[in-house]
Amino acid sequence: RDTLAAEEPLEIRVAGKQIAVTMRTPGDDFDLVAGYLVGEGVVRERHQLARMRFCGDSACSGPVGLTPSASQDPHRVEAAHDTYNIVDVDLAPGTELPLWSLDRTTYTTSACGVCGKSSIEAVRANAHWSVETDPLRISAQTLYSLPKTLRAGQKLFATTGGLHAAGLFGADGTLLCVREDVGRHNAVDKVIGWALRNDRLPLRGHLLAVSGRASFELVQKSAAAGIPVLAAVSAPSSLAVQLARECGMTLAGFVRGESANVYCGTHRISPAG
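This is the structure we're talking about:
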C-alpha cells in the first residue's frame, strides 16, 4: 500500500490577524511561519518573534508554544500538537506588519506559493542584505554534490515519493538543514525559518539547494535571507534568472551528475579541475 504525503492547510496569524493560508505538509510549522515572515520582510532577527503558538480553534485557545528559540526545543511542542492548523505569532515591540497585510489575506498553494505577488523592484526595495558583494567561492564539484547529499537527507521522500526538499549547505558542501514539504516554497520557508530561529541570518557564505525547479519566488526568498547561491535540480524560470541577476545571486539549474547550467553569478563557481 502506498504511503501518501500529508497535505493540510496552515493559517498564519500575526497578533490574531490572519495574513496567509498555505497548503503544507504538517511538521516544522514554526520554521515555516518564521521563514514566511522573513520572505515577506516582516522579520529578520529571532528576537523580533516574541512568541509563537498553535491554536486549536478560531479563538486561539489551543496550546501555547514556546518563545521561538531553538535552544528551548520548540519542535517538541510542535510534535505534540501537529494536528493544529493555525499558528499565531506575537511580534516584538517595534516590529510592524507591512501595509499589504493590513487589508488582505494571502492564499497560497503547495504548487506555487504567492505566484507573481512581488515585482523585481519590490524585492530589491525590501531586501535587508545585499548578496551581490558576498565573497563566497565554491568548486564545481561542491555544486555537483548538492543534489545527492540533499536526496540522502530526504527521509520522508523515501516513503512517499511525493515531497519537495530544500537544503542549506555550508561553503564546503556540508548539509546543515534539510526540510521536506508538498510545496517547494514551504520547504524553503522551513529552512530559512530554521536559520532565523538559530540566529544564523543573514546566510552569507551559504548555499541553498532545491529538489525541483527554481521559481521567481524561491529566488525572492533566498535573497531575503541573504543566500548568495541557489542550486536547483531542474530548470529555472526566466523571471527567476532575471531576479537573481538583479540581486547579484548565483543561480544554477539542471544540477545533475557532473554538470550544471549556471545562469548568472558564474564568478562564484570555480571550474572543475
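Each residue of the sequence shown is one higher than the last, beginning at 1 in the UniProt record's numbering. Heads up, the beta-carbon is just placed ideally off N, CA and C, and yes, glycines get one too.
Does DSSP put residue i in a helix, a strand or coil?
| i | result |
| --- | --- |
| A223 | helix |
| V77 | Unreliable positioning characterises V77 in this predicted model, as indicated by a pLDDT of 45, which lies under 50. The coordinate reading is nonetheless provided below. DSSP places V77 in helix when its eight states are reduced to three. |
| N126 | helix |
| T22 | strand |
| S259 | strand |
| K17 | strand |
| S238 | helix |
| A171 | coil |
| L163 | coil |
| A244 | helix |
| E121 | helix |
| L10 | strand |
| C264 | strand |
The beta strand (DSSP E) that contains residue i, what's its start and end?
| i | result |
| --- | --- |
| L251 | T250 to R256 |
| R179 | L175 to D181 |
| R53 | L49 to C55 |
| D90 | I86 to L91 |
| V229 | V229 to A232 |
| V42 | Element bounds for V42: n/a, residue is neither H nor E. |
| A209 | L207 to V210 |
Please name the residue, chosen from the options, that lies closest to residue i on a Cα-to-Cα basis.
| i | options | result |
| --- | --- | --- |
| E258 | T142, V89, I12 and L49 | T142 |
| Y144 | A224, E217, R137 and V233 | V233 |
| K17 | E246, G170 and L91 | L91 |
| E246 | A122, V255 and V191 | A122 |
| R179 | F30, G41 and P98 | F30 |
| residue 331 | R213, D172, A6 and Q220 | This structure does not reach residue 331, given that the chain is present from 1 up to 273, and the question cannot be answered. |
| G39 | P98, D28, T174 and L10 | P98 |
| A15 | D28, G35, L4 and V42 | V42 |
| R44 | N186, R184, N126 and S215 | N126 |
| L10 | D2, T3, L32 and L4 | L32 |
| R213 | F254, A224, G226 and G173 | F254 |
| H185 | G35, R197, C264 and S130 | G35 |
| M23 | I12, E8 and R13 | E8 |
| V87 | R151, V131 and I19 | I19 |
| E132 | R256, A260 and S222 | S222 |
| H128 | V182, A225 and T159 | A225 |
What are the start and end residues of the alpha helix (DSSP H) that includes residue i?
| i | result |
| --- | --- |
| L186 | It is Asn, not Leu, that sits at residue 186 in the sequence shown. That run of the alpha helix (DSSP H) goes R184 to R197. |
| L37 | D29 to G39 |
| L143 | A140 to A152 |
Examine chain C for any beta-carbon lying closer than 8 Å to the beta-carbon of residue i, and answer yes or no.
| i | result |
| --- | --- |
| D181 | In the displayed structure, chain C is absent; only one protein chain is listed. |
Review point. Is the number of C-beta pairs between the segment 46-54 and the segment 234-249 that are closer than 8 Å three or more?
Key: The answer is no - the segment 234-249 does not touch the segment 46-54, with fewer than three Cβ pairs under 8 Å.
Check your understanding: With a cut-off of 8 Å, do at least 3 Cβ pairs link the segment 205-224 to the segment 160-176?
Key -> Yes, they touch.
Review point. How do the segment 184-202 and the segment 242-256 stand: do at least 3 beta-carbon pairs fall below 8 Å, yes or no?
Key: Verdict: no, contact absent.
Check your understanding: With a cut-off of 8 Å, do at least 3 Cβ pairs link the segment 129-140 to the segment 259-270?
Key -> Taking 8 Å as the limit for Cβ pairs, the verdict is that the segment 259-270 does touch the segment 129-140.
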